[in-house]
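K.L.:
Chains as they are written, first to last, in this note's numbering: chain A, 95 to 488; chain B, 95 to 488; chain C, 95 to 488; chain D, 95 to 488. We treat Cβ as the ideally placed atom computed from N, Cα and C, and that holds for glycine. Take a look at the following structure, please.
Number of protein chains: 4
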Amino acid sequence: MTLAPETALAGLDDFTIEVPSWAYGNSGTRFTVFSTPGVPRTPFEKISDAAQVHAVTGLAPRVSLHIPWDKVDDFGALATHAKELGVRIGAINSNLFQDEDYKLGSLTNVDERIRAKAIAHHLDCIAIMRETGSRDLKIWLPDGTNYAGQDVLRGRQDRLADSLAQIYAALDDDQRLLLEYKFFEPYFYAMDIPDWGTSLLHCTALGERAQVVLDTGHHAPGTNIEFIVMQLQRVGRLGAFDFNSRYYADDDLVVGSADPFQLFRILNEIVETGGHTPSSAQNGWAINFMLDQCHNIEEKIPGQIRSVLNVEQALAKALLIDRDALAAAAQAGDVLGAHAVLMDAYDTDVRGVLADRREARGLPRDPIAAYAASGYPQRIAAERVGGTQASWSS
Amino acid sequence: MTLAPETALAGLDDFTIEVPSWAYGNSGTRFTVFSTPGVPRTPFEKISDAAQVHAVTGLAPRVSLHIPWDKVDDFGALATHAKELGVRIGAINSNLFQDEDYKLGSLTNVDERIRAKAIAHHLDCIAIMRETGSRDLKIWLPDGTNYAGQDVLRGRQDRLADSLAQIYAALDDDQRLLLEYKFFEPYFYAMDIPDWGTSLLHCTALGERAQVVLDTGHHAPGTNIEFIVMQLQRVGRLGAFDFNSRYYADDDLVVGSADPFQLFRILNEIVETGGHTPSSAQNGWAINFMLDQCHNIEEKIPGQIRSVLNVEQALAKALLIDRDALAAAAQAGDVLGAHAVLMDAYDTDVRGVLADRREARGLPRDPIAAYAASGYPQRIAAERVGGTQASWSS
Amino acid sequence: MTLAPETALAGLDDFTIEVPSWAYGNSGTRFTVFSTPGVPRTPFEKISDAAQVHAVTGLAPRVSLHIPWDKVDDFGALATHAKELGVRIGAINSNLFQDEDYKLGSLTNVDERIRAKAIAHHLDCIAIMRETGSRDLKIWLPDGTNYAGQDVLRGRQDRLADSLAQIYAALDDDQRLLLEYKFFEPYFYAMDIPDWGTSLLHCTALGERAQVVLDTGHHAPGTNIEFIVMQLQRVGRLGAFDFNSRYYADDDLVVGSADPFQLFRILNEIVETGGHTPSSAQNGWAINFMLDQCHNIEEKIPGQIRSVLNVEQALAKALLIDRDALAAAAQAGDVLGAHAVLMDAYDTDVRGVLADRREARGLPRDPIAAYAASGYPQRIAAERVGGTQASWSS
Amino acid sequence: MTLAPETALAGLDDFTIEVPSWAYGNSGTRFTVFSTPGVPRTPFEKISDAAQVHAVTGLAPRVSLHIPWDKVDDFGALATHAKELGVRIGAINSNLFQDEDYKLGSLTNVDERIRAKAIAHHLDCIAIMRETGSRDLKIWLPDGTNYAGQDVLRGRQDRLADSLAQIYAALDDDQRLLLEYKFFEPYFYAMDIPDWGTSLLHCTALGERAQVVLDTGHHAPGTNIEFIVMQLQRVGRLGAFDFNSRYYADDDLVVGSADPFQLFRILNEIVETGGHTPSSAQNGWAINFMLDQCHNIEEKIPGQIRSVLNVEQALAKALLIDRDALAAAAQAGDVLGAHAVLMDAYDTDVRGVLADRREARGLPRDPIAAYAASGYPQRIAAERVGGTQASWSS
């Protein structure tokens with residue numbers, strides 16, 4: 095039985111996407127960072143920009159912070175600023191890749207002084223979580239090696255396990271550790287957490303409040319990402335997504351812009367288990383659907399709005415899949431029939447019905463146009479003159 | 095302190111490589127299978143060929159069988175035949191990819207009758223293990239799907255877990271289950287065991303006598319395979335290797351022919367933990383170093399000899415690494431210095447010292463030349479006329 | 095100015111897709127070929143099946159033949175059979191991968207006798223072109239090497255150039271040579287025509303009636319295929335497509351099933367130059383849009399119908415792109431705006447309007463349902479009993 | 095007939111490698127640039143460092159410059175400085191990726207003012223060539239797009255062709271244009287010169303003094319690079335190498351460190367045609383063997399020395415290949431025999447004989463140790479304090 099669209103799309107009601115503070119600052123490739131008028135100069139201005147995304151979409155009520163990029167004297171004031179703008183602080187992200195000390199590793203460094211410093215940085219982050227009400231500590235470990243023989247791989251894993259254990263022990267009971275993996279970059283020979291298997295092994299060793307972060311841009315070419323989504327849900331360890339797009343290497347593009355069908359297949363696995371609804375939480379923890387992307391050459395706030403809408407669109411299509419028909423066709427061994435059920439949902443144009451939903455909730459039908467017409471872009475371009483624009487290096 | 099070569103190479107003394115019966119038959123691509131004079135027509139002839147590899151190298155005392163390709167009326171007689179030729183039966187490999195029933199899956203099939211049949215096939219294999227003295231049941235699961243939506247991925251995992259549990263329960267206490275993974279092929283959209291993480295999850299669920307098989311040709315482009323070797327050893331679950339080479343997709347080339355440095359790096363991780371020595375066995379189980387390759391266009395027995403020698407050469411070089419110097423350089427943060435220690439071992443020409451070792455053990459200095467001069471190739475070409483040559487499809 | 099859909103879709107009026115005779119026979123991976131009830135046993139039966147695809151879609155009036163798979167005593171009779179069923183013979187494909195002689199190469203073989211034989215095979219194909227009215231000789235060269243050092247790469251290119259020159263010289267003035275490239279497979283180390291650059295170099299050396307075939311499954315991971323489409327059109331050498339889909343290696347899936355957005359981007363480049371219309375012909379030669387795919391586990395005729403419809407759908411969406419708006423946004427440096435113009439066309443659901451067009455032309459609204467209801471599948475399953483089913487190996 | 099090593103290695107006599115000025119400055123990933131004591135602050139200091147590499151290896155008599163990074167008031171003085179240190183200025187590299195204007199393209203930019211500026215930058219480079227005696231203008235075009243639809247791909251090619259024609263026209267008769275390609279980066283969707291085919295098409299359109307640069311790190315995964323080396327030599331358009339290593343994405347590692355066998359295969363194709371000797375020059379132009387790499391975490395001058403020695407070692411091994419034996423085995427269809435001929439050369443340890451050669455020429459047997467013992471590293475670490483260290487961003 096196919097659900098009527100309006101019934102199926104009720105699955106969108108409680109769905110939210112978290113946006114990253116760093117998407118509003120300047121970013122770039124290893125070759126250069128281009129600057130853009132109106133870019134925020136402070137964490138407060140980043141939050142203001144993020145709030146614009148939520149204002150026109152109703153989908154993005156949380157903002158991830160990155161420490162120390164978003165370090166402020168008074169995190170309580172930052173949380174209040176967010177609240178006044180209708181959003182709140184989400185995950186706290188640690189930074190292990192910009193300190194000179196971390197040249198040869200942070201949580202895996204063979205130098206105990208440096209390793210202790212990297213662990214201590216996370217205790218600072220946990221303190222910020224308490225000040226901001228954040229429950230998610232997200233760790234992307236950029237550690238690795240560039241040359242075979244540069245270091246003993248096994249020793250790095252053992253040190254990593256020990257570092258993570260110290261961090262995990264410092265968390266409160268209502269806080270969790272989200273551990274990301276990345277196939278390559280910034281190191282070229284061996285990343286210390288290159289795949290979901292490694293991340294999962296560490297999470298399992300830590301305890302129930304350690305979960306894996308799946309960044310859609312962090313896999314080898316040809317990897318079936320939705321399979322991993324399924325597998326991590328199956329073992330109750332899919333903690334969060336970092337959404338973005340990529341064609342080959344970097345992972346900064348608007349989610350859904352490079353392979354919208356893949357995004358749909360990923361969200362299909364989410365809908366299959368109800369993972370998009372808060373009630374699906376395992377051990378009290380729901381999946382945190384986050385963006386992790388930058389806008390190197392395009393406008394930043396519109397880039398975020400587009401991204402949020404792309405995820406919503408893919409989820410809407412995934413909700414339209416007639417799962418009974420698909421399962422029946424699969425059971426009957428009707429390969430093309432089952433595939434066709436999936437494609438029928440994907441081929442549906444949901445833009446109109448999503449605009450209707452927005453309108454019914456007092457939101458603009460066309461969020462990008464509404465933002466452009468809001469006067470905000472002109473205002474920040476005019477006001478944010480002087481000072482240093484936020485970027486990856488500040 | 096650098097070991098003298100003769101001391102370091104003592105690590106070769108107990109090292110053995112298992113060869114696959116199917117390497118002696120015809121094989122090919124999806125486009126065609128070319129035939130070769132002298133190819134075996136029976137499992138007994140395959141064992142005879144495998145014994146030639148051991149006779150000239152002293153390295154390959156076991157032969158893997160593949161069921162039903164190697165089905166004989168009297169497996170005791172086959173084991174005796176092997177013994178008389180100085181070798182013995184190694185792992186038993188099941189076949190889940192050539193029965194019409196398995197078109198849409200075997201251990202994962204949604205049809206309970208077919209799934210039961212696939213499980214029962216493994217009970218037959220276990221019976222053959224008992225008859226031949228084999229302790230390793232190797233499962234490569236070729237199941238998967240070609241189209242998104244064709245089947246529910248989660249359901250396939252659950253059925254797989256149940257199938258494996260039934261098989262594992264049938265094993266004797268001195269038998270283990272070796273579970274292989276493969277990134278792609280023969281299915282194009284989603285393999286049901288695509289990566290080491292999935293294989294490990296199933297092994298962990300099964301019990302201590304379930305271990306992962308790492309086939310060197312079964313990864314996405316750019317994957318750091320030695321990292322996986324390290325990680326699986328770290329959790330005590332590296333059961334076996336399937337050695338071979340590949341450049342892009344197929345995995346049939348002579349091991350060490352496409353990237354000899356990678357093979358060396360893999361064996362470096364083995365030597366790091368002593369995994370090449372029987373005394374390293376975890377829970378009583380040593381790593382089984384097997385070849386899994388075919389010789390589509392080259393001569394088959396010489397292809398196997400070359401392969402065995404390539405593994406020996408890579409292991410010898412890995413044994414020469416000055417691990418103290420490498421660790422000291424790594425500890426000092428001397429990136430190029432540590433790398434240079436590794437490269438010094440790799441750049442060493444060990445062919446002469448390995449020939450000396452062979453000679454000292456009554457083996458020919460040049461195994462390939464010795465085989466060519468043995469009269470065996472001429473004899474099998476003359477004798478093996480009539481009957482059907484063994485191949486993947488018989 | 096956006097065209098009204100009905101105006102834009104006029105671009106579909108003269109668009110046709112050629113289907114391959116081998117899609118109706120059995121096929122498989124290197125591991126096995128599964129059989130299917132009702133599969134054709136003769137080239138005549140293959141043509142009959144292909145005609146069903148055209149009957150319900152109106153899009154597929156030509157059938158490619160493969161020699162010797164489609165060898166018949168009387169090609170005139172085969173052409174007449176096709177004509178009576180409303181279709182005609184398209185490209186003639188040579189086969190260089192199933193003769194024992196071609197184990198180490200065909201048009202590149204170092205053995206002059208074998209090379210001459212491979213050339214002569216093409217003269218036979220040209221004779222068949224004359225008998226069937228075919229104007230396209232399509233060559234996919236499966237030659238290559240498995241091991242570094244196996245042969246001198248340069249010598250193979252020189253022999254290839256000479257072989258192609260002999261074949262080209264035998265063509266009539268109204269016949270062309272279509273030269274395909276393939277990144278990998280069936281050889282593992284070096285393919286002799288691995289990329290579009292190599293194919294183009296040979297075509298340029300041959301003359302104006304030599305053009306490149308772009309098979310959508312024949313590229314390295316991450317390759318931007320639409321860029322190649324653009325580049326080959328720019329130099330007037332895009333002769334034909336072989337459409338299909340793949341995720342990693344094999345290239346047998348229904349076109350548009352793995353990455354429908356990529357197919358849309360490819361057709362966007364076609365529409366950009368008008369390459370979908372016969373009037374766009376360069377030097378009198380239009381692009382031949384062909385399918386080259388097999389249906390290993392799914393039903394074959396429905397698989398072809400789905401494929402043809404997927405191409406039509408992607409082309410329809412590409413025709414809807416508001417090119418003036420896109421160019422204006424690009425000119426203005428509006429990155430997200432220009433991208434949004436493209437996505438607006440892609441996100442449009444064109445299934446209804448395409449069904450309307452079919453109905454207006456006397457075709458069924460739902461071709462797959464119409465085929466299923468036609469009685470044809472039941473008839474062939476009942477009638478085609480006895481004899482050998484067509485497959486890659488017969 | 096196998097050449098005696100001393101005879102074969104005579105092929106090294108005239109072989110030289112060009113080193114890049116930017117290898118001596120700081121560099122990094124998109125995440126950060128780590129600083130190193132002793133890094134040069136001026137182009138003069140970079141030349142001094144490069145001269146150290148030549149002093150201990152005798153292999154690196156030229157230094158590539160990058161404009162504007164190496165801009166000085168008096169290029170004649172810089173050339174004299176080089177000459178005094180025993181080296182000279184090599185290729186001049188233009189920079190099209192760090193000016194804010196180039197955010198959406200340089201030689202392809204839709205804005206005619208920006209495009210003219212990018213062309214004019216090359217006229218400046220040509221002037222510098224005249225001042226420094228450089229004959230090679232090297233262009234790596236970083237242009238591309240991040241999003242499908244962002245710009246019309248065809249239009250970008252046409253503007254590129256026009257820009258290159260203007261630059262080419264400004265060259266003197268004894269100067270050539272070297273045009274590089276890169277599969278991906280810094281743009282994510284479509285690079286404007288992604289492959290050798292595109293580079294070659296533009297070179298062919300320009301004239302005989304336009305040639306392709308092959309950077310060993312600029313290909314899709316799985317690409318057979320030595321095939322491209324062969325093909326470009328075959329059409330007389332291989333102008334230069336940019337040597338480096340990579341595992342997945344970035345291309346900054348020491349050449350030969352990731353896949354030394356690949357480097358050997360590449361140099362095998364060079365030796366096959368004699369391309370390593372100046373006498374092989376086509377149209378008066380020899381292949382320029384350059385390094386293009388950076389040393390993010392390792393010491394920079396030792397990194398360059400190691401790189402130069404790795405290329406020398408690979409070339410020495412390639413010179414040892416018994417080409418008569420290989421050709422004879424290939425002619426006989428002896429697949430493993432021909433491969434074994436190649437591997438015999440590769441497996442040879444040439445470190446000793448290369449040290450002997452150096453000693454015979456008055457060079458240190460161990461260049462890295464000699465550099466470490468020279469006092470130079472301590473001197474620059476002490477002297478180069480204050481001022482800004484050279485890096486990609488200055």
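Relative to the C-alpha of P155 (chain C), which candidate in C:M384, C:P288, C:G469, C:W116 has its C-alpha closest?
P.N.:
The shortest Cα separation from P155 (chain C) among C:M384, C:P288, C:G469, C:W116 belongs to C:M384.
K.L.:
Give the DSSP-derived three-state secondary structure of Q305 (chain A) in the structure shown.
P.N.:
Strand, per DSSP.
K.L.:
So the alpha helix (DSSP H) S257 (chain D) belongs to, where does it begin and stop?
P.N.:
It spans 247-264 - the alpha helix (DSSP H) in which S257 (chain D) sits, taken as one unbroken run.
K.L.:
Less than 8 Å between C-beta atoms, sequence neighbours within five positions excluded: which residues of the same chain meet that for T110 (chain D)?
P.N.:
The answer, listed in chain order, is L153, A154, P155, R156, F383.
K.L.:
Taking the C-alpha atoms as reference points, what is the distance between E178 (chain C) and V306 (chain D)?
P.N.:
Distance between the alpha carbons of E178 (chain C) and V306 (chain D): 53 Å.
K.L.:
Nearest-angstrom Cα distance between D353 (chain B) and G333 (chain D)?
P.N.:
Computed Cα separation, rounded: 27 Å.
K.L.:
Taking Cβ-Cβ distances shorter than 9 Å, what residues in chain A pair up with R451 (chain B)?
P.N.:
Those do not exist, as R451 (chain B) stays about 25 Å from chain A at its closest Cβ, beyond 9 Å.
K.L.:
Beta carbon of A221 (chain C), beta carbon of R270 (chain C): below 8 Å?
P.N.:
Not in contact: A221 (chain C) and R270 (chain C) (Cβ atoms no closer than 8 Å).
K.L.:
Cβ-heavy atom distance between V181 (chain A) and the ligand ZN below 7 Å?
P.N.:
The ligand ZN is not part of the structure shown, which contains no ligands of any sort.
K.L.:
Would you mind telling me which residues of chain B sit closer than 7 Å to L420 (chain A), beta carbon to beta carbon, in chain order?
P.N.:
The answer, in chain order, is G243.
K.L.:
List the residues of chain B whose Cβ lies closer than 8 Å to the Cβ of F278 (chain A), in chain order.
P.N.:
Per Cβ cutoff of 8 Å: G316.
K.L.:
Would you mind stating whether D143 (chain A) and T371 (chain A) have Cβ atoms separated by less than 8 Å?
P.N.:
Not closer than 8 Å, so no.
K.L.:
Give me the DSSP bridge partner(s) of N120 (chain D).
P.N.:
Answer is D:S485, bridged to N120 (chain D).
K.L.:
Excluding the 5 residues flanking P99 (chain A) on each side, which residues of the same chain have their C-beta closer than 7 Å to its C-beta?
P.N.:
Cβ neighbours of P99 (chain A) beyond the five flanking positions: L414, V447.
K.L.:
Cα separation between V349 (chain C) and R359 (chain C)?
P.N.:
Computed Cα separation, rounded: 13 Å.
K.L.:
Which stretch, first to last residue, makes up the alpha helix (DSSP H) that contains H175 (chain C)?
P.N.:
Note, H175 (chain C): alpha helix (DSSP H), 169-178.
K.L.:
Buried or exposed: where does T126 (chain A) fall if 16 or more other Cβ atoms within 10 Å of its Cβ makes it buried?
P.N.:
It is buried - the Cβ of T126 (chain A) has at least 16 other Cβ atoms within 10 Å.
K.L.:
Let me know if P114 (chain D) comes out buried or exposed under the rule of 16 or more other beta-carbons within 10 Å of its beta-carbon.
P.N.:
Label assigned to P114 (chain D): buried.
K.L.:
Within 8 Å of any Cβ in chain B, is that where the Cβ of V435 (chain D) sits?
P.N.:
Not one chain B Cβ lies under 8 Å of V435 (chain D).
K.L.:
Please report whether the beta-carbon of S129 (chain C) lies at a distance below 8 Å from any beta-carbon of chain B.
P.N.:
S129 (chain C) counts as touching chain B.
K.L.:
Determine which residues share a DSSP beta bridge with W234 (chain D) and list them.
P.N.:
In DSSP, W234 (chain D) forms no bridge with anything.
K.L.:
Hey, does R359 (chain B) have any beta-carbon neighbour from chain A nearer than 8 Å?
P.N.:
Chain A contact via Cβ: present.
K.L.:
How should L198 (chain A) be labelled, buried or exposed, when 16 other C-beta atoms within 10 angstroms of its C-beta is the threshold for buried?
P.N.:
When all chains shown are included, L198 (chain A) counts as buried.
K.L.:
Measure the alpha-carbon distance for R292 (chain A) versus R248 (chain A) and round it to whole angstroms.
P.N.:
First, the residue type needs correcting, since residue 292 (chain A) is Thr and not Arg in the sequence shown. Going by the C-alpha atoms only, they are around 12 Å apart.
K.L.:
Taking 8 Å as the threshold, find out whether the stretch 229-245 of chain A comes into contact with the stretch 430-439 of chain B through three or more Cβ pairs.
P.N.:
Yes, since at least three Cβ pairs between the stretch 229-245 of chain A and the stretch 430-439 of chain B fall closer than 8 Å, the two stretches touch.
K.L.:
Could you tell me whether the Cβ of I391 (chain B) comes closer than 8 Å to any Cβ of chain D?
P.N.:
At least one chain D Cβ lies under 8 Å of I391 (chain B).
K.L.:
What number of angstroms, rounded off, separates the C-alpha of A422 (chain B) from the C-alpha of E194 (chain A)?
P.N.:
Roughly 22 Å separates the two Cα atoms.
K.L.:
If the cut is a Cβ gap below 9 Å, which residues of chain A does D441 (chain C) touch?
P.N.:
Residues of chain A passing the Cβ test: P354, Q407, D443, V444, R445.
K.L.:
Is it right to say G238 (chain B) is buried, meaning 16 or more other beta carbons lie within 10 angstroms of its own, or is it exposed?
P.N.:
Buried, by the Cβ-count rule.
K.L.:
According to a CB-to-CB cut-off of less than 7 Å, which residues of the stretch 332-349 of chain B neighbour chain A?
P.N.:
Result list empty, no residue passes.
K.L.:
Looking at C-beta atoms only, is the number of pairs between the stretch 198-214 of chain D and the stretch 164-180 of chain D that lie closer than 8 Å three or more?
P.N.:
Because the criterion of three Cβ pairs below 8 Å is not met, the stretch 198-214 of chain D and the stretch 164-180 of chain D do not touch.
K.L.:
Is DSSP giving P155 (chain A) helix, strand or coil here?
P.N.:
Note: P155 (chain A) maps to coil in three-state DSSP.
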